[in-house]
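Q: The opening position of the sequence shown corresponds to residue 31 in the numbering used here, with each subsequent residue numbered one higher.
Here it is, the structure, as structure tokens.
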Amino acid sequence: MPANTIPIYPASPNTSGVYIQTADTNIKAPLTNGMVLATGGTNGTRVDAIKIRALGSNVASVLRIYWNDGQGTAEVNFILIHEVALAASTAQTAAITGVDTVLLPINYANDGNGVLPPALKSREKIYVSLGTTVASGYSVTFMGGDY
Numbered sequence: 031m032p033a034n035t036i037p038i039y040p041a042s043p044n045t046s047g048v049y050i051q052t053a054d055t056n057i058k059a060p061l062t063n064g065m066v067l068a069t070g071g072t073n074g075t076r077v078d079a080i081k082i083r084a085l086g087s088n089v090a091s092v093l094r095i096y097w098n099d100g101q102g103t104a105e106v107n108f109i110l111i112h113e114v115a116l117a118a119s120t121a122q123t124a125a126i127t128g129v130d131t132v133l134l135p136i137n138y139a140n141d142g143n144g145v146l147p148p149a150l151k152s153r154e155k156i157y158v159s160l161g162t163t164v165a166s167g168y169s170v171t172f173m174g175g176d177y
């Protein structure tokens with residue numbers, strides 16, 4: 031018999047964001063300049079999307095997204111789950127500076143964007159890091175909900 035016989039929905043929003051500019055060259059784990067983007071709530075957290083936005087002029091880089099098991103910050107506690115190529119961007123005053131990149135947990139459009147875990151257990155985390163230090167940085171936003 032299944033544990034849940036009726037759908038459950040998040041009880042409260044879980045949104046957060048980080049400003050990231052400095053590279054972390056360790057590809058296995060973001061131990062130097064990686065940033066915690068989201069932490070699983072007491073009863074878990076649904077992952078809806080992550081949005082990445084250039085904040086001005088930047089050289090090309092890569093944004094790395096890691097899952098952390100919530101048990102520590104040693105290299106063994108991380109798994110690299112996705113990398114996003116970030117094109118060079120130029121600051122604009124009368125136009126859009128760059129195009130938002132939105133990552134989803136489910137591949138709705140069958141275009142390869144279903145790359146995130148659908149949920150986080152309590153204390154599990156999503157970390158982000160950059161492959162190259164950039165001039166203006168990026169805004170990275172997490173959108174989800176706590177059960």
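Note that beta-carbon positions come from the ideal geometry of N, C-alpha and C, so glycine has one too.
Excluding the five sequence neighbours on either side, which residues of its own chain have a C-beta within less than 6 Å of the C-beta of residue 132, listed in chain order?
A: Along the sequence shown, read from residue 1 onward, the residue named residue 132 stands at position 102. Only 79 and 81 meet the Cβ criterion.
Q: How is the beta strand (DSSP E) around residue 119 delimited, first residue to last?
A: Residue numbering aside, residue 119 sits at position 89 when the sequence shown is read from its first letter. Per DSSP, residue 119 belongs to no beta strand (DSSP E) and is neither H nor E.
Q: Can you round the beta-carbon distance between residue 64 and residue 157 to whole angstroms, since I take them to be within the 8 Å contact cut?
A: The residue given as residue 64 occupies position 34 in the sequence shown. The residue given as residue 157 occupies position 127 in the sequence shown. Right, the Cβ-Cβ distance comes to about 5 Å (below 8 Å), so this counts as a contact.
Q: Please say whether residue 76 and residue 168 have beta carbons closer to each other than 8 Å?
A: For this step, residue 168 is matched to residue 138 along the sequence shown. For this step, residue 76 is matched to residue 46 along the sequence shown. Result no, Cβ atoms of residue 168 and residue 76 do not sit closer than 8 Å.
Q: Please go through the same chain and pick out, in chain order, the residues whose beta-carbon is closer than 8 Å to the beta-carbon of residue 89, but skip the five residues on each side of it.
A: Counting from one through the sequence shown, the residue named residue 89 turns up at place 59. If we look at residue 89 and ignore the five residues flanking it on each side, its Cβ neighbours are 118, 162, 164 and 165.
Q: If I'm right that residue 68 touches residue 44 with Cβ under 8 Å, what's the distance once you round it to whole angstroms?
A: Counted from its first residue, the sequence shown places residue 68 at position 38. Counted from its first residue, the sequence shown places residue 44 at position 14. About 7 Å separates the two Cβ atoms, so the contact holds.
Q: Can you round the beta-carbon distance between residue 135 and residue 146 to whole angstroms, since I take them to be within the 8 Å contact cut?
A: Counted from its first residue, the sequence shown places residue 135 at position 105. Counted from its first residue, the sequence shown places residue 146 at position 116. Correct: roughly 4 Å between the Cβ atoms.
Q: Would residue 61 and residue 91 qualify as a contact pair, given that the criterion is a beta-carbon distance under 8 Å?
A: Looking up residue 61 in the sequence shown gives position 31. Looking up residue 91 in the sequence shown gives position 61. No.
Q: Inspect the beta-carbon positions of residue 152 and residue 74 and report whether they are closer than 8 Å.
A: The residue given as residue 152 occupies position 122 in the sequence shown. The residue given as residue 74 occupies position 44 in the sequence shown. Yes, the Cβ-Cβ distance between residue 152 and residue 74 is below 8 Å.
Q: Tell me which residues share the same chain as residue 174 and place their Cβ nearer than 6 Å to its Cβ, disregarding the 5 neighbours each side in the sequence.
A: The sequence position of residue 174 within the sequence shown is 144, counting from 1. The answer, listed in chain order, is 44, 75, 76, 77 and 78.
Q: What residues match up with residue 47 in a beta bridge as DSSP calls it?
A: By 1-based counting over the sequence shown, the position of residue 47 is 17. Paired residue(s): 171.
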